[in-house]
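Student:
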Ligand SMILES: [Zn+2]
């Protein structure tokens with residue numbers, strides 16, 4: 001549903017035509033200044049179950065995140081990373097709380113800084129990424145971007161949801177009319193019992 005292929009093609013570069021290795025794991029640590037100087041592009045997978053902060057935010061996950069990172073130096077001499085990621089996450093439906101598959105993708109532009117105080121000098125288009133001792137932890141970068149790209153709320157289509165519209169109406173009848181039915185725990189529990 002996302003136009004990730006198109007959006008990433010536009011960044012181009014000769015490295016883009018290297019043979020893709022979609023089954024390889026993204027390296028966890030890299031030397032980003034060297035990669036930027038050589039305008040390297042790396043592509044790989046990150047196992048979602050390794051990302052504990054993502055699990056805290058979005059629940060247990062399986063599968064991989066597909067990541068493409070193009071390192072470079074811009075006209076102002078800033079070392080940057082143009083990135084794209086895509087993953088299918090299992091996110092809890094806000095109405096019935098049952099996880100549903102949700103495709104998430106993100107394009108991002110990172111500016112490397114050696115000190116947090118330098119982050120303010122980056123233009124607003126760049127998210128700062130801290131490089132310490134010439135090393136960058138790519139798993140942390142990917143996890144941060146994934147968390148930023150999480151949708152605020154997701155809902156099943158009404159026909160697929162474990163809480164039907166009628167259940168919401170009947171369980172909230174008698175309560176003040178326009179309370180938010182999605183957060184009524186009894187409606188959710190009764191619906192789950194009924195469907196399982
Ligand atoms: Zn639902």
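Numbering (UniProt numbering), first residue to last: 1 to 196. We put the beta carbon where it would ideally sit given N, CA and C, even for glycine. Values in this document were obtained by computation on a predicted structure and should not be read as measured data.
(1) Considering only C-alpha positions, which residue in the set 31, 89, 126 and 116 is nearest to residue 62?
(2) When the distance is taken between beta carbons, is residue 126 closer than 9 Å to residue 109?
(3) For residue 139, which of 38, 69, 33 and 40 has the nearest alpha-carbon?
(4) Apart from the five residues on each side of it in sequence, which residues of its chain come closer than 6 Å, Cβ to Cβ, to residue 95?
(5) Within 10 Å of its beta-carbon, does residue 198 have 16 or more other beta-carbons around it, so buried, or fewer, so exposed?
(6) First and last residue of the beta strand (DSSP E) that includes residue 119?
(7) For ligand 1, enumerate in chain order all residues having a CB closer than 5 Å to any of its heavy atoms.
(8) Within the same chain, show all residues whose beta-carbon is closer than 8 Å to that of residue 75, passing over the 5 residues directly before and after it, in chain order.
(9) Within 10 angstroms of the Cβ of residue 84, are there 16 or more other Cβ atoms? Answer buried if so, exposed if not.
(10) Tell me the rounded alpha-carbon separation between residue 122 and residue 167.
Tutor: Reading it off the structure:
(1) Ranking the options by Cα distance to residue 62, first place goes to 89.
(2) yes
(3) 69
(4) 155, 161, 163 and 182
(5) Outside the displayed range of the chain (1 to 196) lies residue 198, so it cannot be described from this structure.
(6) First-last for residue 119: undefined, no H or E at that position.
(7) 93, 95, 96, 156 and 161
(8) No residues qualify anywhere along the chain.
(9) buried
(10) 51 Å
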